[in-house]
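Mapping the sequence shown onto our numbering, position 113 (from 1) lands on 246, and the numbers just tick up by one. Beta carbons: idealized from backbone N, C-alpha and C, even for Gly.
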Amino acid sequence: MENPIVHSLIVAVVATIIGFIIVLPLSYWGAYYKYPGKWLVEIFLLLPLVLPPTIVGLLILRLFGRYGVLGSLLESFGYSIIFSLTGAIAATTIVIIPLLYQGIKGALVGVPRDLIQVAKTLAANQREVLFRIILPTCWPSIVASILLAFCRGLGEFGASLMVAGYIEGRTDTLATSIYFAVQQGDNHKAALLSVINIGIGLLILLIIQLLTAKRQGEYL
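This is the structure we're talking about:
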């Protein structure tokens, strides 16, 4: 019973960390800079949001499968991400990137430009503006976006199942375990895992509400 929970937490945490590392600089550039092809970059980043997760899984299979370009390269080193938690992490990362990008970019855009301009007139460089003005001002919204992406990663099913499959004790997650428990008629297991997933989700949503209230200077 523990494996699906542990696997889901590992996948969601690692995918969220990787996604955040990728998205933070892109969100910063998207919020404060204009550059050629910006619209194309944003379409590419947001595309997984409008695609069925199964399509995301299929694309990963085409790229990292045995006969895919990247898959063949990995196979030459005796490694493959297919039917592994690494594959689930890759699929989940792609699925949650649009949420992270939109959330973090929105948080950065929400910082009053007057504060930034005042900091610049006081000779603050870009690094100082980022770490002393922007991030301290909007960190609750950024953390809320990260937590929301984590929840989405925790419940990822379609893309993860296509890439990592369902191997009990190896690649089983909460979402896939619930699905196959229902298929096998094990309603007790499905219900228990569902309650655990709902509990984690409610806890995260409560934290998000507290952060939102803090950002707005309100109290629950």
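In whole angstroms, give me the CA-to-CA distance for residue i and residue j.
i	j	result
Thr219	Gln250	43 Å
Val315	Tyr299	14 Å
Leu353	Pro273	Confidence at Leu353 is low in this model, with a pLDDT of 47, below 50, so the placement of that residue is unreliable and no value is reported for it.
Leu280	Val144	14 Å
Pro169	Arg303	44 Å
Ile157	Asn136	Here residue 157 is Leu; the residue named in the question, Ile, does not match the sequence. So the two alpha carbons sit approximately 31 Å from each other.
Asp319	Ile333	22 Å
Glu351	Gln342	Residue confidence is low: Glu351 scores 49 on pLDDT, short of 50, so the model does not pin down where it sits. Its coordinate-derived value is still stated next. Roughly 10 Å between the two C-alpha positions.
Ile331	Lys238	28 Å
Ile340	Tyr200	44 Å
Leu248	Pro269	12 Å
Leu184	Ala164	24 Å
Ala257	Thr345	29 Å
Arg246	Ser327	44 Å
Glu98	Leu335	Missing from the structure shown is residue 98; the chain here goes from 134 to 353 and no further.
Phe264	Val147	24 Å
Leu173	Ile150	24 Å
Lys322	Gln259	52 Å
Lys171	Leu159	10 Å
Ser209	Thr254	55 Å
Give me, in chain order, the residues of the same chain whose beta-carbon lies closer than 6 Å to that of residue i; leave out the 5 immediate sequence neighbours on both sides.
i	result
Glu89	Outside the modelled stretch of the chain, which goes from 134 to 353, sits residue 89, for which no answer is possible.
Ala252	Val262, Ile266
Ala292	Pro186, Val189, Gly190, Ala224, Val228
Ile275	Ile237, Ala240
What residues in its chain sit with their C-beta under 7 Å from that of residue i, if we drop five residues either side in the sequence?
i	result
Met295	Thr187, Gly190, Leu191, Leu194
Ser213	Gly204, Leu207
Ala221	Val144, Ser293, Val296, Ala297, Thr304, Thr306
Gly211	none
Gln317	none
Should residue i and residue j be called a contact, given that it needs their Cβ atoms to be closer than 8 Å?
i	j	result
Gly152	Ala282	yes
Leu179	Tyr234	yes
Tyr161	Leu241	yes
Gly236	Cys271	no
Phe197	Ile176	no
Ile155	Ile230	yes
Identify, in the order they occur along the chain, each residue of the same chain with its Cβ nearer than 8 Å to the Cβ of residue i, setting aside the five sequence neighbours on each side.
i	result
Leu232	Leu182, Ser278, Leu281, Ala282, Arg285
Val202	Leu196
Ile329	Ile138, Leu307
Ser217	Ala297, Arg303, Thr304
Indicate whether at least one CB of chain C lies closer than 8 Å to the CB of residue i.
i	result
Val262	Checking the listed chains, one finds no chain C in this structure; it contains a single protein chain.
Exercise for review: Count the CB pairs spanning the segment 140-148 and the segment 303-314 that are closer than 8 Å, and state whether there are at least three.
Suggested key: Segments in contact, yes.
Practice item. Could you name each continuous alpha helix (DSSP H) segment of 4 residues or more that falls completely within the segment 154-204, going from the start of the chain to the end? Key: Fully enclosed alpha helix (DSSP H) runs of 4 or longer: 171-183, 186-197.
**Study point:** Runs of alpha helix (DSSP H) wholly within the segment 292-347 (minimum 4 residues, chain order)
**Key:** Complete alpha helix (DSSP H) runs here, min 4: 307-316.
Check your understanding: Mind pulling the alpha helix (DSSP H) runs of 4 or more residues that sit fully within the segment 222-300?
Key -> DSSP runs (the alpha helix (DSSP H)) wholly in the segment 222-300: 246-254, 259-262, 268-287, 291-297.
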